[in-house]
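If you read the sequences in order, they're chains A and B.
In this text, residue positions in the first sequence follow full-length UniProt numbering: the first is 1, and each later residue adds one.
In this text, residue positions in the second sequence follow full-length UniProt numbering: the first is 1, and each later residue adds one.
Working notes, beginning with the structure itself.
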Amino acid sequence: MAAYKPVVVQACPKLGEKITQDTLYWRGYKTPVQIKEFGAINKIDFSPVPPYNYAVTASSRIHIYGRYSQEPIKTFSRFRDAAYCATYRDDGRLLAAGSEDGSICLFDVSGKAPLRQFEGHTKPVHLVGFLSDKYRIFSGGDDYSSNLWDIPSATEIISYSEHTDYVRCGCASKVNADVFITGSYDHTVKLFDARTKSSVLTIEHGHPVESVLLFPSGGLLVSAGGRYVKVWDVLKGGQLLVSLKNHHKTVTCLCLNSSGQRLLSGSLDRHVKIYSTTSYKVVHSFNYATSILSLALSPEDETIVVGMTNGVLNVKHRKPEEKSENTQKKRQPAYRTYVKGRTYMPKQEDFCVSKPVKRVLRKYDKLLRSFQSSKALDAVLEPPIMLHTPEVTVAVMQELHRRGTLRSALAGRDEKQVNLLLTFVARRVIEPRFTPVLVTVADMITDIYQPVVGQSAIVDKQFLKLQEAIGKEIDYQEELLEVLGMMDTLFATFTKKKDTCLEENKSNGVTEIIETNMNF
Amino acid sequence: NRREDTVSSYASGGSCWTLRRNSSQKEWYLLCASGDFVKVYSVNTEETLRLMGGHADLVTGIQLNPHNHMQLYSSSLDGTIKLWDFMDGIPIKVSSLGFYLHLHFYPLSGPHSSVLLLVSDRFFFLWSDTFQLVSVKLTKGAGQDLESKELSVVLDGVGASVKHIAFGREGAYVVSVKDVTLQVYFFKRKLLNRFSLSTVKTKGGDNRFSCVVCHPTEDCIATGHADGKIRLWRNFHHRKEYTYSTLHWHHDIVMDLAFSVEGTRLLSGGVESVLVQWHNESSCQKDFLPRLGSPIEYISMSSDGALCCTLHTDNRITIINSNLRFSRSIQGLIKSRDVKTGLVVDPRTKALVLNGEPGHLQFYSLQSDQQLFSLDIVQRQYIHQAGLKQSDLVKVAFSAQGTWLATVEESEEVTDPELQLKLWFYSEETQSFTLNTRINTPHDNHITDMCFRDMDELGDDSLILVTTGRDCVFKVWVMVEDTDPEGKSAHESVSWSCDFVGSYHNYQATNCCFSEDGSLLAVSFEETVTVWDSLTWDLKCTFCHPPGNIRNICFGRLTCSKYLIGATDYGFLCCWNLLTCALEWSAHLNIVVLQPDPLSEHIAAVSWLSKESSLFVFKPNEPRPLYIQRNLCKEKILLAAFVPRDEPETISSEKYLWLRKSQLFFLTDTQELMTLSTKSLEERLTPSSKQLAVEESLPVTPFSLLLGKHRHQQAQEDTDLGKPVVHNKQEQASPAVKELLHTPAHVLPSASFLCTIFINSLLISKENKSAEEVADEVEMESEKADGDSDEEDVTVMEQEDTSPMELLGEMTCKLSKSQEKELRKIRKMDYSWIAAF
């Protein structure tokens, strides 16, 4: 014996992106805060120590923002010309920045004037960074050279001039205090060891390199340039692991999230893409108003800061975790009530009657189970169901039609109900997934209420609306067919093999409809 | 004769009905007439305990012997009534009545002992619809074939069905209904009362009777009517002052009624497949047991009222507790209205898969004659009502490993078939199929065929589904993986979508088939077969054999994979060579079914010509068939399937060599499942029945214990001494001895009757004997060599028991009939030998 089977409501999958764990995670940010800077923002760097302030380099200024402040809490503005690449040291106490005139300044975050100034580059310095031993700075300039500086003495330790174009990006290894890499517009990424006189490894990226990144383990290297983001295995001597081409303009910045599981890339095409570092597939993407130049993610992914070409700083804070305290507040029944009677062991002569499992049925299902078709239809014509889940209403109508009782369920209604019905039909009849059922319903309603046409102004108006909706839909379909025909002729001229391809094209329209109907 | 040997009905899809009584020892039996057999089911285990065969035609009625609840009467269309001991499955008495039409009978209790009443259409009313109720006095003798001639007509013009006759309390009266008349005949008063209802159909009312039952303790008759009313008649002793009250719930014909043992409750059932329980004959108090699956045809109560069972039109028995709770169901092959899916074999379980309950797919195990499970495909509430457009399953296909199942369902409406293609994935955790993808309207018109690309070695990635439709296209469906990188499991993120749509000159696509290696797809478009490359979906070549549309196509397998076989409407079987693209051979045959064996090159073709089906088995590379079976059966064979055997069977005869790896099953248009068997019917039946007799009906007596112990010892001894010959002989004698020793004494025929059988069983043929003598000598020697005193005792005993048999053998061989007297003496000696044990 089978239990009552509820009416199957045809769920329609939502087109577009699918909800995954990642989308939920990355959507958990508040509406962004926009801060206007003076020029294009070329670097954003988070302080590695709490309270995680961040330094924003734009034009000739370096602003330091607090976590929730919209105004800079500190400003370094002693630059004659544009400043570049303000970077925190690992302990968050020193800040280094390059400048247009070729000098590198080292600041104490609490002070104002530079502690040290490193002169040596002849052209603007776009890259500054600390090695992980904290006492040395590496830099790269438009004079094609990359230098290594000693902080205490403010002297140049070594200068490599191996690149053949501007050096614009680089980073230091966190594992080895002597290793750093630089990326250059000569399409190469070079890995230097401070202990040797020349570069250790050269990787050919293929496009001017805009950004490089080393994984915390030091084994993988990510380079961005042109439209490509490429991942290289350093330990295997620079073997290409994967090449990602998800942007349609130059990728300008790269960044890892705090756990190292996701890689973020920002591009001039106004998108930030988030990749999984296991499968290297895009799991989420953000849209921004203008081209992105720089991008940073605070520890714990609390804040995403994006700098744009028009000088707007976009700051997104993470929503606080919703705590489910409401459930805990509800007073739990005493333990005794739970245990009551549960511990009774049935004796041998006892006749056990098990409690039947109660199945929860919807109201319309209950009515359909007892063959009350008219009431079942009433139940699904209630505004909340009719407006928000029209598929339920249509499914019940279809079920009634299958049972042969749709006509009697539709009949015998007063002006208000007929009005409600007709509103629903006129509105939904053009939706392809509802059309077959609602056409029958519309047919029946016209049949049943034909004799009383003209008695009620409201119903007559609805009938006219229905007519209008159907007329519009017919015109629309005709136009679509015309377009399809035009496309067919176009495709036919392109194809060499006449038979098969023609058919394939013809089918395209059909398959799309089928795919939208598909249910997973 | 030969035909009977080879073709045997496998599962009866025929009508069956049941009566069930319990016996003591808390074991419940359910007896059921099914085709030519009477089946005994155990209610507790739902298994068939016994199959009692012996009737030559349909069994029409069964009834327990009112005097002995271990015995059962059965009647059949072959004109015989048999009395069975259903515990052992042994016929006790056979009465032949000499007329060969409908028989239903009622053994009467009380003073009318050994009187049976029968409904019969006697031969002089052969062409009329009138049936008579006659009483027959059955002789008390226990002979095998008894003629019963004493007939007396009780009632004329009774209904033909079992449900149209009922007996009142303690057999005081008999009630019969037909059309709109009710007849009551009182035996003692010899009074016949006749009541008629009006024939006028008012307000959809239809007064025709459909069934009748009598109250077990009161004078009350309940009748069911065609319009769903139930009438309760009282006071029918009087012709005028009779009264009736009406109960009305059913909206369609009341199929059967049953009173509870005390008579307080009345059960009724009909096409709604709802069992209604009426309390105290009032219409306000009633309980329902809804959704029993299919229309109820018979209702039967157990003798103590603890259980009730309903028999449904789809060949299923439901057992229901007294508190109207569903208990269990016994089901074999569920009979569906129309097997549209064809016979498909599930690669995983080797079960036969076909339409079951409406909207369900049944997995039927051929080995156990049981339904393994029923998969709900349509997932909609089925409304049992005439004239509704129901949607049902029409096509089924399995992937090679059985991991994917594709189903197509459509409603009966012509204009809008509401097509749905569903793809199911077998999940190992739940051990069942779960819905993966549902595609609404995959084609604009009916789907004609569907197949998977079967590729074992390439795995699931290469899985392709092809559907052909009457909308003149075929579609190729492939799996699409979702791009969720952190997807939980591989198959949850997989869905199916359309990959390619192909057509050929706007002809309707009718069949599709993949070649064995999956590289080629053949699709037939009306008169033409097109062959497509499954990688690029290019049309490779076309074949046709005008005139006539292509009905079936299939590729050859293994060594014959270069051939494509097709059958046309105009009665041609063609074989094309794919390498030369030319017709290899053709034959003029009206092929209905074309079925390739998945494990060999053989292809079975069933033709239908002038009301008989014939079977041809051939290899595509030879135009001459390997095996021809003309006149396979009278019914039209609609479907066939090869079911792979678990292990290749050793088949001696050259003719059946093609049946070595798989077995062939047919389904006829009367929904009977048949198979081609290499053994005869007796061979197949005997092992099971013998086994049952030994295992089940062994009452543990001190004697049998002793015998068992002795045998055990003997067997040990045999193995010790290495005397297989003696052992064999002992085995030979055992069935007859067992039969004699284990049949309950009260059902045993007279000793004089048994004696000859017993003696015959002890006869030993000559060749055997010589070997035995040699063995005996060996035994003697070894015995002497072996000085063990314990064993000596036993062997001596054994010697005793062999020697009279040898004597017997010699004597029967030598002595003529004139010396039978001496034989009788030996018989006496025989019994003394038993006593010596």
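All C-beta atoms in this analysis are idealised placements derived from N, C-alpha and C, irrespective of residue type, glycine included.
It should be emphasised that the depicted structure is a prediction, and the values quoted were computed from it without experimental measurement.
Which whole runs of the beta strand (DSSP E) in the region 627 to 686 of chain B are 3 residues long or more, in chain order? 627 to 633, 637 to 644, 662 to 668, 673 to 676
Going straight from the alpha carbon of T343 of chain A to that of S268 of chain B, what length do you get? 41 Å
Helix, strand or coil, according to DSSP, for S223 of chain A in the structure here? strand
Compare the C-alpha of M255 of chain B against each of B:S515, B:H545, B:P295, B:R380 and name the closest. B:P295
Check whether the Cβ atoms of L667 of chain B and L632 of chain B sit closer than 7 Å, and answer yes or no. No, they are not a contact pair.
To the nearest angstrom, how far is it from the Cα of V213 of chain B to the Cα of S260 of chain B? 11 Å
So, H248 of chain A versus S223 of chain A, is the Cβ gap smaller than 7 Å? no
Excluding the 5 residues flanking D227 of chain B on each side, which residues of the same chain have their C-beta closer than 6 Å to its C-beta? G205, D206
Hey, is R359 of chain A's beta-carbon within less than 7 Å of any beta-carbon in chain B? no
Give the DSSP-derived three-state secondary structure of Q10 of chain A in the structure shown. coil
Where the beta strand (DSSP E) containing N760 of chain B begins and where it ends: Premise fails: N760 of chain B lies in the alpha helix (DSSP H), 751 to 762, not in any beta strand (DSSP E).
Using beta-carbon positions only, say whether Q606 of chain B and A640 of chain B come within less than 7 Å of one another. In the sequence on display, residue 606 of chain B carries Val and not Gln. Result yes, Cβ atoms of V606 of chain B and A640 of chain B sit closer than 7 Å.
Anyone know if the C-beta pair for I550 of chain B and V523 of chain B falls short of 7 Å? no
N- and C-terminal bounds of the beta strand (DSSP E) containing F525 of chain B: 520 to 525
Measure from the C-beta of R291 of chain B to each C-beta in chain A and report whether the shortest distance is under 7 Å. Closer than 7 Å to some Cβ of chain A, the Cβ of R291 of chain B qualifies, so yes.
Considering only the beta carbon of each residue, do D311 of chain B and I317 of chain B sit closer than 7 Å? The sequence as given places Leu at residue 311 of chain B; Asp does not occur at that position. Contact flag set, yes.
Check whether the Cβ atoms of C85 of chain A and G102 of chain A sit closer than 7 Å, and answer yes or no. no
V200 of chain A beta carbon less than 7 Å from that of V229 of chain A: No.
Contact under 7 Å by Cβ, V209 of chain A with V189 of chain A: Cβ distance < 7 Å, so V209 of chain A and V189 of chain A count as in contact.
Within 8 Å, do at least three Cβ pairs link the region 356 to 364 of chain B to the region 263 to 282 of chain B? Flag = no, the region 263 to 282 of chain B and the region 356 to 364 of chain B do not touch.
With DSSP as the reference, label T434 of chain B as helix, strand or coil. strand
Mind pulling the beta strand (DSSP E) runs of 3 or more residues that sit fully within the region 310 to 383 of chain A? 312 to 317
Compare the C-beta of V392 of chain A with all C-beta atoms of chain B and state if any pair is closer than 7 Å. no
Distance check for V737 of chain B and E682 of chain B, CA to CA, integer angstroms please. Because E682 of chain B carries a pLDDT of 47, less than 50, the predicted location of this residue cannot be relied on, and the following value inherits that uncertainty. Whole-angstrom Cα-Cα distance: 21 Å.
Any beta-carbon of chain A closer than 7 Å to the one on Q370 of chain B? Q370 of chain B does not count as touching chain A.
For I221 of chain B, which residues in the same chain have their Cβ closer than 6 Å to its Cβ, ignoring the five residues on either side in sequence? V175, C214, W233
Going along chain A in order, which residues have a C-beta closer than 9 Å to the C-beta of D304 of chain B? Near D304 of chain B there are no residues of chain A at all, since even the closest Cβ is about 16 Å away, more than 9 Å.
Just the C-alpha distance for S610 of chain B and E527 of chain B, rounded to the nearest angstrom, thanks. 25 Å
Close-in-space but distant-in-sequence residues of the same chain around V274 of chain B (CB under 6 Å, 5 per side omitted): F288, P290
For F753 of chain B, does the count of other Cβ atoms within 10 angstroms reach 16, so buried, or fall short, so exposed? Under this definition F753 of chain B is an exposed residue.
Mind pulling the chain B residues with CB within less than 7 Å of Y25 of chain A? The premise fails here: Y25 of chain A is roughly 11 Å from chain B at the closest Cβ pair, so nothing lies under 7 Å.
Counting beta carbon pairs with one atom in the region 404 to 421 of chain B and one in the region 379 to 387 of chain B, are three or more of them shorter than 8 Å? no
Excluding the five sequence neighbours on either side, which residues of its own chain have a C-beta within less than 6 Å of the C-beta of T686 of chain B, listed in chain order? Any reading at T686 of chain B must be qualified, since the residue scores a pLDDT of 43, below 50, and its modelled position is unreliable; no value is offered.
Give a yes or no on whether the minimum CB-CB distance between K5 of chain A and chain B is below 7 Å. yes
Under 7 Å between beta-carbons, which chain B residues line up against A2 of chain A? List them in chain order, please. R291, G293
Since L424 of chain A is in the alpha helix (DSSP H), which residue starts that stretch and which ends it? Residue 424 of chain A is actually Phe in this sequence, not Leu. Element bounds for F424 of chain A: 415 to 428.
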